[in-house]
Each structure stands twice: as structure tokens, then as C-alpha cells.
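2 protein chains.
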Amino acid sequence: MAPRPRIKDVAEYAGVSPKTVSNVINDYEHVSEKTRSAVREAIEALGYRVNIAGRQLRKGRTGMITLAVPELDVAYFAELAKHVMAAADRRGLTVLLHQTGGVRERELAALHGFDAQFTDGTILSPLSLLPRDLATRDTRLPVVLLGERSQPGSADHVGIDNVAAAREATEHLLARGRRSIAVVGGALTGRQGTDRLRTRGYREALRAARVPFDADLVVPVDAFHWQDGARAVGAVLRRDVRPDALLCLNDHLALGALRALHEAGLAAPRDLDVVGFDDIEAGRFSVPSLTTVAPDKAAIADSAVSLLLDRIERHGTEDATDHVVEHRLVVRESSGG
Amino acid sequence: MAPRPRIKDVAEYAGVSPKTVSNVINDYEHVSEKTRSAVREAIEALGYRVNIAGRQLRKGRTGMITLAVPELDVAYFAELAKHVMAAADRRGLTVLLHQTGGVRERELAALHGFDAQFTDGTILSPLSLLPRDLATRDTRLPVVLLGERSQPGSADHVGIDNVAAAREATEHLLARGRRSIAVVGGALTGRQGTDRLRTRGYREALRAARVPFDADLVVPVDAFHWQDGARAVGAVLRRDVRPDALLCLNDHLALGALRALHEAGLAAPRDLDVVGFDDIEAGRFSVPSLTTVAPDKAAIADSAVSLLLDRIERHGTEDATDHVVEHRLVVRESSGG
DNA sequence: CACGCCGATTACATCGATGTAAATATGTCG
DNA sequence: CGACATATTTACATCGATGTAATCGGCGTG
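Chains A and B are the protein sequences, given in the same order. For reference, each letter of the first sequence is one residue, going 25 to 361 in my numbering. For reference, each letter of the second sequence is one residue, going 25 to 361 in my numbering.
Now the structure itself:
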């Protein structure tokens with residue numbers, strides 16, 4: 025098996041210097057039409073491809089960015105990844121996709137590790153990262169954070185207004201006459217994560233409607249998967265008084281909850297309402313279909329990529345910015361009967 | 025902003041040669057404990073990180089492989105990607121994930137394009153690739169195909185026995201007394217794709233049970249998404265005689281079908297049975313839960329990575345092999361009343 | 001026809017890390 | 001103590017591509 029041809033081989037084949045071949049490849053303007061086509065032919069004939077390592081070593085840029093999300097089999101992240109790849113593609117970038125499992129150590133690796141220094145920058149959707157991890161990060165490596173806003177000013181950030189989104193969802197349930205609304209996946213203490221923010225929005229809505237807050241209705245979960253939603257329903261149903269609505273902090277939880285409710289002989293919206301977050305495709309086709317807060321994923325992806333590219337190109341030392349993208353409440357069967 | 029330190033800077037700081045630093049980084053055995061720790065300190069002090077481009081240029085391998093799938097928001101591929109990443113991780117490889125959209129041009133790019141020459145090898149799940157695309161491919165670039173077996177012998181391949189799987193699923197429906205089984209996503213002609221093979225298994229089961237085959241029951245779809253399953257149900261229900269079972273060639277189709285049936289006032293398994301393929305998580309939590317053919321995704325991922333690694337390391341010119349991994353029928357509510 | 005100009009092409013150094021082989025240090029044994 | 005084996009460290013070349021600056025060649029002009 026012949027080794028891969030190098031630029032030098034192409035040069036010899038075409039009877040020119042290596043640099044001329046490079047000039048052709050990079051569309052340098054001062055190359056005569058004749059040499060240009062001769063080189064093109066040589067490239068074709070030898071099946072030559074640029075060696076990215078060599079180019080990167082010389083140029084200092086890879087044209088690749090890393091997208092690090094907790095898990096791909098969480099539909100929200102898969103859908104988001106799709107948008108990010110599309111946005112990157114439009115700008116001539118390639119995406120290296122990475123799963124962190126939501127584990128701090130691997131989120132750190134996304135910031136500092138192999139990928140981070142290999143690609144030109146990182147878009148990270150953190151779950152466990154601590155504020156100090158960001159404070160002490162190597163600012164030479166461009167980063168954009170999605171979702172959680174760990175520490176204002178520590179890095180560019182893109183996300184929806186989680187407090188407002190949760191408030192609107194809760195208002196919707198209140199407007200339907202629901203008064204005992206459980207927050208599945210909610211959190212009162214702990215890190216300033218999405219769960220905290222959404223729980224705050226929920227409380228704001230309650231207060232505005234003068235509905236007393238009951239800490240018992242905040243149901244914590246281990247993770248944001250289907251089975252956690254199902255388990256949470258188990259816990260909720262063991263209470264003396266059954267809530268009349270579930271505000272689930274993502275769609276997987278909500279869909280798992282719908283399933284568990286079904287098994288318990290209950291149905292939304294007949295017996296209680298169910299609302300989720302993320303607007304994943306499964307929620308459009310579930311029975312009942314799922315009311316959800318739909319973030320503008322395309323806008324998130326687009327902002328993230330363009331912010332990152334700014335940082336990369338400007339070696340940006342400007343202050344970190346915070347981009348808030350649109351969301352809207354999509355009312356479907358699970359709270360719309 | 026200080027430039028990133030190079031190995032040379034570390035060497036100067038520690039008072040040794042660059043090569044010694046390299047030796048420490050690569051855990052070369054003959055380095056005295058004293059220099060080792062001095063170098064470690066220097067690395068720490070300067071915040072040094074290996075420059076992958078330099079290393080790769082020298083070593084010739086990237087330690088990265090490409091995984092190219094049609095779409096990440098098809099749950100099966102997202103779940104598969106997760107397994108592939110885990111398998112790669114165990115072998116010290118990083119995965120570059122790529123979406124082809126199922127478009128031939130981009131599947132070709134996965135074989136020959138940027139990624140293919142950049143990473144050490146490619147695992148490709150093709151949809152539109154033609155046999156000749158594989159016949160003419162550059163065999164210097166290691167490739168493993170998943171799912172469709174385009175052309176025996178053209179490249180290593182990993183998949184389940186689609187014919188047997190479809191036969192078993194059909195036998196299951198026949199055993200439940202179903203006699204009019206529609207194949208949603210089925211195909212009688214066209215490429216030797218998964219759909220063809222599964223349709224063949226379906227027919228084999230019918231023949232064995234002496235149930236006449238009705239070509240009208242083969243319902244083609246545009247794509248294998250939820251909405252296509254829903255649409256197919258619309259078509260099926262417009263027929264004079266309603267089938268008593270739907271064999272959907274993936275779970276998304278099946279779940280879309282369940283939803284459409286619900287809207288039509290029908291329910292599985294009461295009015296008809298529904299079976300899918302892939303065993304995606306959504307099918308475990310749907311109402312009703314979904315009977316499905318579960319491929320051993322972990323095994324697929326593991327075989328694929330290890331086959332690819334073989335090719336890479338042995339510059340394998342051996343004949344292409346074909347790995348068949350296990351599958352099993354998981355019977356749930358949608359055909360288990 | 002000599003000169004200057006500009007477009008086309010090339011020689012050479014360089015990006016950062018590491019393999020090779022040689023040089024140097026350390027240790028062992030008779 | 002000297003010879004020799006072994007352990008540690010180093011100089012140098014190299015991986016492939018491209019930026020810099022120098023060279024080459026053709027053309028118009030005085």
C-alpha cells in the first residue's frame with residue numbers, strides 16, 4: 025500500500041515547487057492558469073489530500089470547534105447538536121462532538137484537555153462545573169457556555185431566560201385553575217443551575233397569584249431522564265394530597281411522568297396537567313402530546329457559534345457577554361383539554 | 025496575552041533538553057526521578073499543554089476516528105453514538121462525530137473528505153451510498169460500515185441479521201393471530217438496504233405460515249421519522265380493510281403511528297398490534313409501550329471500533345469481514361395485551 | 001536596447017514534538 | 001583503579017505545509 029502523497033510528491037509530479045502547490049491549494053492569486061491546472065491534475069492523479077496536522081502546525085488554527093454536551097441520548101442535546109453543526113458548517117467550521125456525562129472532571133477536560141487545545145474553541149453545556157473552574161480557566165482558549173450561567177462575566181454565555189420561562193409556564197397552569205403544582209426536578213438550594221432558576225420563576229408566579237408555596241411540592245430527581253420522571257411521579261402519588269399539575273423541568277421527565285401516570289390510572293389533562301421544557305420531538309407525538317417551553321434552538325446554536333468565532337478571530341479579550349434567546353410556551357394536550 | 029508555552033520553554037525553565045521534557049510527557053522509563061519531578065514542576069508552572077498538531081505530525085496518527093451517521097436526532101443513532109464513543113474511549117480513541125443527513129454526497133465526504141483524511145479511520149452508517157462508491161473508494165482510508173451491507177467484500181461491516189429479525193417480529197404477530205400485517209417503511213425494490221432485507225424477512229414469515237402476501241400492505245415512507253409513521257397510518261386507514269398489525273421498520277415510525285392511531289380513536293394492542301425496530305428509549309415509556317426488535321447496540325459499537333482499529337493498526341489489506349451481532353424481540357404492551 | 005516594474009515562482013526557515021543515535025553519567029566487578 | 005555495562009540525557013533530523021523574502025522572466029517605455 026503506497027503511503028499517502030505529500031505536497032512534495034505533487035510538486036515533483038507537476039514539475040513545480042512545493043510552495044506553488046501550496047499556493048494552488050490555498051487559492052493564492054498570482055498563479056498562472058497553466059500551472060494551476062497542471063497542479064490540479066497532479067493532485068487528482070496522486071489522490072493527494074492536505075495533511076491537516078501540518079497545516080495546523082503552520083497556521084495555528086484547525087478550523088474545528090468542540091461542542092461538549094452532557095449526553096447525546098438526551099434528545100434536547102442531540103437536537104441542539106444538529107443545529108450547532110449546521111451553524112458551524114455555514115461558517116466553514118467542523119464540529120468535534122464530545123460527551124461529558126455531566127461529570128465535572130470531563131467538563132473540565134472540555135475546557136482544558138485534549139479537545140480544547142486541539143480545536144480552536146469550545147461550546148460547552150455544563151452541568152457540574154463550579155464557578156471557580158471558570159474563574160481559573162485558561163482564557164487563551166475561547167469558550168462559550170450554554171444553558172447554565174455559572175458566573176456572570178467568566179465566559180460568553182447563551183441561553184433562554186429561565187426564570188421568565190418557568191414563570192410563564194406556571195402562570196399558564198394557574199390560569200387553568202391549577203393550584204397545587206409540583207416542580208419535578210426542581211431545586212431550592214445548591215448551584216445556580218437551570219433548575220434553581222426555573223424553580224425561582226415558578227415561585228415568582230405563585231407569589232404573583234398569591235398561591236402559597238409548599239416546599240414539599242419541589243421534587244428533586246437524580247437525573248433528567250425518563251425514568252427519573254416516572255420515579256418522581258411515584259413519590260408524588262404517595263403524598264396525602266395529589267397535586268393537580270406537574271411542572272417538569274425537561275421533556276424527558278415530563279414524558280416519563282406521563283407514562284407513570286398512565287400506569288397509575290391517571291391521565292393528563294383529565295386528572296392533572298403536565299408541562300415540560302425543551303420541546304423535543306417526542307413530546308409532539310406522545311399520548312397525550314406535551315405542553316412545553318420551546319427554546320429557539322437554532323438561535324442558541326447560531327449565537328453560540330458566532331460568539332465563539334468572534335473570540336477566536338479577535339483573540340477576544342473583551343468582557344464576556346450574555347445572550348438571551350427567545351422561547352415560547354407551546355400548549356398541547358397535556359395541559360390543554 | 026502570553027503565547028502558549030512550547031516544549032522548549034519548559035525545557036529551559038527546567039534546565040534540561042526539549043527531548044527530556046518529551047520523555048517525561050510520554051512516560052519514557054529511563055528518566056531519573058529528580059529530572060522527572062523538575063520537569064513536572066516546570067510544566068505546572070508554565071501551564072504547558074502538548075500541542076497535538078506537532079505531535080500528530082511527528083507520530084503520523086491522530087488517535088481520532090470519525091463516526092458518520094445520518095442524523096443525530098434519530099434516537100437510534102444518538103444511542104449508537106454514545107456506545108461508539110464509550111468503546112472508542114476504552115481504547116484511547118477520540119470520536120469525531122459527523123452527520124451526513126443520509127445524503128450520498130456527504131456520505132462520500134465521510135469516506136474521502138476532510139474528516140476521512142484527518143482522522144485515522146471512519147465508521148459510517150450509510151443510507152444512500154451506492155455499491156460503486158465503495159468499490160472505487162480509497163482503500164488507504166480504513167472504513168467500517170454499519171447497518172446496510174452495501175456490497176459484500178467491499179468493506180468491513182457490522183450489523184444484525186435483518187432478515188431474521190423481521191421474520192421473528194412477524195412470527196410474533198402471526199402467533200398472536202394477526203393475519204393482515206402492514207409493513208410501514210417497507211420496500212420491495214430498490215437498493216439492497218435495511219428496508220429491503222426486513223421486508224424480505226417479513227415475507228418469509230408469511231410464507232412459512234401460509235399467509236398470502238399482499239403488496240398493498242407494504243407502505244413506503246419518505247423518511248424514518250415520527251411524522252412519516254403518522255402519515256403512513258393515515259394512508260393505511262383509508263384502505264377498505266384495516267390491517268390488524270403494523271410492522272414498522274423503526275421505532276420512530278412506530279411511535280408516530282401510535283400517535284396517529286390514538287387520534288383516529290384506535291389503540292394498540294386492542295385494535296391492532298404495533299411493532300418497531302431499534303429499541304430506543306422513547307419506546308419504553310410511550311403509551312402503550314412499544315414492542316421492538318432490540319439490536320445489541322453496545323456490541324455493534326464495540327465490534328465496529330475494534331474492527332476499525334485492526335484495519336488501522338495492521339494497515340489491513342485482509343479481506344473485508346462481516347460481523348453479525350445479536351438482536352432480540354422485546355415484547356411490550358403494543359403487541360402484548 | 002537598457003531599465004524598471006510586476007506577476008509568477010522558488011529557496012529556505014519555521015511551526016512543535018519526537019525518533020534515532022550518539023554522548024555523557026553512573027554503577028559494577030574483577 | 002580501570003574496563004565495561006547500563007542508565008540518563010542530548011544533538012539533530014524530521015514529520016507536512018506555508019510565510020517571508022528573494023529570484024526569475026516577460027513586457028512596456030524612454
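In this text, a Cβ means the ideal position worked out from N, Cα and C, and glycines have one as well. On a predicted model such as this, the values are computed, not experimentally measured, just so you know.
Below 7 Å CB to CB, which residues in the same chain sit around Thr-59 of chain B once its five sequence neighbours on both sides are set aside? For the purposes of this step, residue 59 of chain B is identified with residue 35 of the second sequence, where counting begins at 1. For Thr-59 of chain B, the CB contacts under 7 Å within the same chain, skipping 5 residues up- and downstream, are Val-40 and Thr-44 in chain order.
Can you check whether the C-beta of Glu-103 of chain B is within less than 7 Å of a C-beta belonging to chain A? Taking the second sequence and counting its residues from 1, one reaches residue 103 of chain B at position 79. For Glu-103 of chain B, the answer is yes, since a Cβ of chain A falls inside 7 Å of its Cβ.
I want to see whether chain B comes within less than 7 Å of Ala-306 of chain A, judged by CB atoms only; does it? To locate residue 306 of chain A, count along the first sequence from 1; it is residue 282. Yes, Ala-306 of chain A lies at the interface with chain B (some Cβ there is under 7 Å from its Cβ).
In chain A, which residues lie less than 8 Å from Phe-301 of chain B when you measure between Cβ atoms? Here the question's residue 301 of chain B lines up with position 277 in the second sequence. Chain A residues near Phe-301 of chain B: none, gap ~17 Å exceeds 8 Å.
DSSP state of Leu-104 of chain B mapped onto helix, strand, coil: Sequence index remark: in the second sequence, residue 104 of chain B carries index 80 (1-based). Reduced to three states, the DSSP call for Leu-104 of chain B is helix.
Check whether the Cβ of Ile-76 of chain A lies closer than 7 Å to any Cβ atom in chain B. Sequence index remark: in the first sequence, residue 76 of chain A carries index 52 (1-based). Interface residue (Cβ-Cβ distance to chain B less than 7 Å): Ile-76 of chain A is classified as such.
Select from B:Pro-236, B:Arg-82 and B:Val-48 the residue whose C-alpha is nearest the C-alpha of Ile-67 of chain B. In the second sequence, the residue the question calls residue 67 of chain B occupies position 43. The shortest C-alpha separation from Ile-67 of chain B is found at B:Val-48.
Please report the distance separating the alpha-carbon of Asn-274 of chain B from that of Phe-309 of chain B. Taking the first residue of the second sequence as 1, we reach residue 274 of chain B at position 250. Taking the first residue of the second sequence as 1, we reach residue 309 of chain B at position 285. Asn-274 of chain B and Phe-309 of chain B have their C-alpha atoms some 16 Å from each other.
Mind listing which residues of the segment 94–119 of chain B have their C-beta closer than 8 Å to chain A's C-betas, in chain order? Contacts with chain A (Cβ-Cβ distance below 8 Å) from the segment 94–119 of chain B involve Glu-95, Leu-96, Asp-97, Ala-99, Ala-102, Glu-103, Ala-105, Lys-106, Met-109, Thr-118 and Val-119, listed in chain order.
Could you compute how far the alpha carbon of Met-25 of chain A sits from the alpha carbon of Ile-336 of chain B? Position 1 of the first sequence, counting from 1, holds the residue named residue 25 of chain A. Position 312 of the second sequence, counting from 1, holds the residue named residue 336 of chain B. Low confidence applies to Met-25 of chain A: its pLDDT is 49, below 50, so where it sits in the model is not reliable, and the reading given next is rough at best. Each residue's alpha carbon lies about 13 Å from the other.
Range covered by the beta strand (DSSP E) that runs through Leu-120 of chain A: Looking up residue 120 of chain A in the first sequence gives position 96. Start and end: 118–123.
The beta strand (DSSP E) enclosing Ile-147 of chain B, as first and last residue numbers: The residue you call residue 147 of chain B lines up with position 123 of the second sequence. That run of the beta strand (DSSP E) goes 145–148.
Classify Phe-237 of chain B: buried if its beta carbon has 16 or more other beta carbons within 10 angstroms, exposed otherwise. In the second sequence, counting from the first residue as 1, residue 237 of chain B sits at position 213. By the Cβ-count criterion, Phe-237 of chain B is exposed, with fewer than 16 other Cβ atoms from all chains shown falling within 10 Å of its own Cβ.
Nonlocal neighbours in the same chain, by C-beta distance under 7 Å from Leu-261 of chain A, ignoring five residues either side: Residue numbering aside, residue 261 of chain A sits at position 237 when the first sequence is read from its first letter. Excluding positions up to five away in sequence, the list reads Ala-288.
Tell me whether Asn-50 of chain A is buried or exposed, calling it buried when 16 or more other Cβ atoms sit within 10 Å of its Cβ. Walking along the first sequence from the start, residue 50 of chain A turns up at place 26. Classification of Asn-50 of chain A: exposed, given that the 10 Å Cβ count is below 16.
Just mark Val-363 of chain A as buried or exposed, buried being the case when its beta carbon has 16 or more other beta carbons within 10 Å. Residue coverage of chain A in this structure runs from 25 to 361, which leaves residue 363 of chain A outside it and unanswerable.
Okay, do the segment 186–204 of chain B and the segment 143–155 of chain B touch, 3+ Cβ pairs below 8 Å being the bar? With fewer than three CB-CB distances shorter than 8 Å, the segment 186–204 of chain B does not count as touching the segment 143–155 of chain B.
Suppose you measure from the CA of Gly-307 of chain B to the CA of Tyr-100 of chain B; what does that come to, to the nearest Å? Here residue 307 of chain B refers to the residue found at position 283 of the second sequence. Here residue 100 of chain B refers to the residue found at position 76 of the second sequence. Going by C-alpha positions, Gly-307 of chain B is about 11 Å away from Tyr-100 of chain B.
Those residues which DSSP pairs with Pro-319 of chain B across a bridge: Looking up residue 319 of chain B in the second sequence gives position 295. In the DSSP secondary-structure assignment, Pro-319 of chain B is bridged to B:His-351.
Roughly how many whole angstroms lie between the Cα atoms of Ala-5 of chain B and Arg-234 of chain B? The structure shown does not extend to residue 5 of chain B, since chain B is modelled only from 25 to 361, so the question has no answer here.
Taking only runs of the beta strand (DSSP E) that begin and end inside the segment 203–231 of chain A, which ones reach a length of at least 3 residues, in chain order? Segments of the beta strand (DSSP E) lying fully in the segment 203–231 of chain A: 205–208.
Give a yes or no on contact between the segment 195–213 of chain B and the segment 240–249 of chain B, applying the rule of three or more CB pairs nearer than 8 Å. Yes, since at least three Cβ pairs between the segment 195–213 of chain B and the segment 240–249 of chain B fall closer than 8 Å, the two stretches touch.
Quick check on the burial criterion: 16 or more other C-beta atoms within 10 angstroms. Buried or exposed for Lys-106 of chain A? Translated into positions along the first sequence, residue 106 of chain A becomes position 82. Buried, since its Cβ has 16 or more Cβ neighbours within 10 Å.
Chain B within 7 Å of Gln-216 of chain A, Cβ atoms only: Position 192 of the first sequence, counted from the first residue, corresponds to residue 216 of chain A. Closer than 7 Å: no.
Burial state of Tyr-72 of chain B, where buried means 16 or more other Cβ atoms lie within 10 Å: As a working note, residue 72 of chain B is residue 48 in the second sequence. The residue in question, Tyr-72 of chain B, is buried, as its Cβ has 16 or more Cβ neighbours within 10 Å.
Can you give the beta carbon distance from Lys-321 of chain B to Glu-103 of chain B, rounded, assuming they're within the 8 Å contact cut? Counting from one through the second sequence, the residue named residue 321 of chain B turns up at place 297. Counting from one through the second sequence, the residue named residue 103 of chain B turns up at place 79. In this structure Lys-321 of chain B touches Glu-103 of chain B by the C-beta definition: roughly 6 Å separates them, less than 8 Å.
According to DSSP, which residues form a beta bridge with Gly-300 of chain B? By 1-based counting over the second sequence, the position of residue 300 of chain B is 276. As computed with DSSP, Gly-300 of chain B is found in a beta bridge with B:Thr-316.
Would the beta-carbon of Thr-143 of chain B fall within 7 Å of that of Ile-89 of chain B? Residue 143 of chain B sits at position 119 when you count from the first residue of the second sequence. Residue 89 of chain B sits at position 65 when you count from the first residue of the second sequence. A distance below 7 Å separates the beta carbons of Thr-143 of chain B and Ile-89 of chain B.
Could you spell out where the beta strand (DSSP E) holding Asp-240 of chain B opens and where it closes? Position 216 of the second sequence, counting from 1, holds the residue named residue 240 of chain B. Asp-240 of chain B -> no beta strand (DSSP E), and no H or E assigned at all.
Pull up the distance between the alpha-carbon of Thr-345 of chain A and that of Ser-178 of chain A, whole angstroms please. Taking the first sequence and counting its residues from 1, the one referred to as residue 345 of chain A is at position 321. Taking the first sequence and counting its residues from 1, the one referred to as residue 178 of chain A is at position 154. Roughly 9 Å between the two C-alpha positions.
From B:Leu-132, B:Asp-113, B:Leu-96 and B:Gly-116, residue whose alpha carbon lies closest to that of Gln-123 of chain B: The sequence position of residue 123 of chain B within the second sequence is 99, counting from 1. It is B:Leu-96 whose Cα lies nearest to the Cα of Gln-123 of chain B.
Going by DSSP, what residues sit across from Ala-3 of chain B in a beta bridge? Because chain B is modelled from 25 through 361, residue 3 of chain B falls outside the range shown and cannot be assessed.
Report buried or exposed for Thr-160 of chain B, applying the criterion of at least 16 other Cβ atoms within 10 angstroms of its Cβ. For this step, residue 160 of chain B is matched to residue 136 along the second sequence. Sixteen is the threshold: since fewer than 16 other Cβ atoms of the shown chains lie within 10 Å of the Cβ of Thr-160 of chain B, the residue is exposed.
Taking CB distances under 7 Å as the criterion, tell me whether Leu-151 of chain B reaches chain A. If you number the second sequence from 1, residue 151 of chain B lands on position 127. No, its Cβ sits nowhere closer than 7 Å to a Cβ of chain A.
At what residues does the beta strand (DSSP E) containing Leu-169 of chain A begin and finish? Residue numbering aside, residue 169 of chain A sits at position 145 when the first sequence is read from its first letter. Taken as a continuous stretch (DSSP letters only), the beta strand (DSSP E) holding Leu-169 of chain A covers 167–170.
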